Amino acid sequence: MSSNEVAMKITLKAIEHNLVQTEVDMMNPNAQKSNELAAKEVAKFYKTIYKSIEECRNTHYKDINIDSSK
């Protein structure tokens with residue numbers, strides 16, 4: 002599964018979770034906007050993680066350099 006697919010699935014789960022709120026929250030445009038922004042941030046976070054994993058899978062272990070000064 003590609004990093005984009007994983008990020009999309011996680012985003013959809015986050016959106017589903019956010020949609021299970023009270024009707025008052027769902028009618029509030031500010032709450033919906035906040036949920037959308039949160040879901041996008043979650044997607045970016047997981048996409049970064051899964052891209053890193055893909056890169057590690059495709060990189061020989063001797064070529065991986067971990068810089069502890071960062």
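Quick note on numbering: this note's numbering labels position 42 of the sequence shown as 43, and the sequence is numbered without any gaps.
For every residue, glycine included, the Cβ atom is placed at its ideal position computed from N, Cα and C.
It should be emphasised that the depicted structure is a prediction, and the values quoted were computed from it without experimental measurement.
Hey, how far is the Cα of residue i from the Cα of residue j?
i	j	result
K14	C57	26 angstroms
E37	K63	41 angstroms
K10	N66	30 angstroms
E42	E17	15 angstroms
S53	K34	29 angstroms
P48	N31	The sequence given here places Lys at residue 48; Pro does not occur at that position. Using only the alpha carbons, I get a separation of about 26 angstroms.
V7	A44	9 angstroms
My output table needs one value for residue i: the three-state DSSP class, helix, strand or coil.
i	result
N5	helix
N31	helix
N66	coil
T60	coil
Whole-angstrom Cβ separation of residue i and residue j, contact assumed at under 8 angstroms?
i	j	result
A40	T12	5 angstroms
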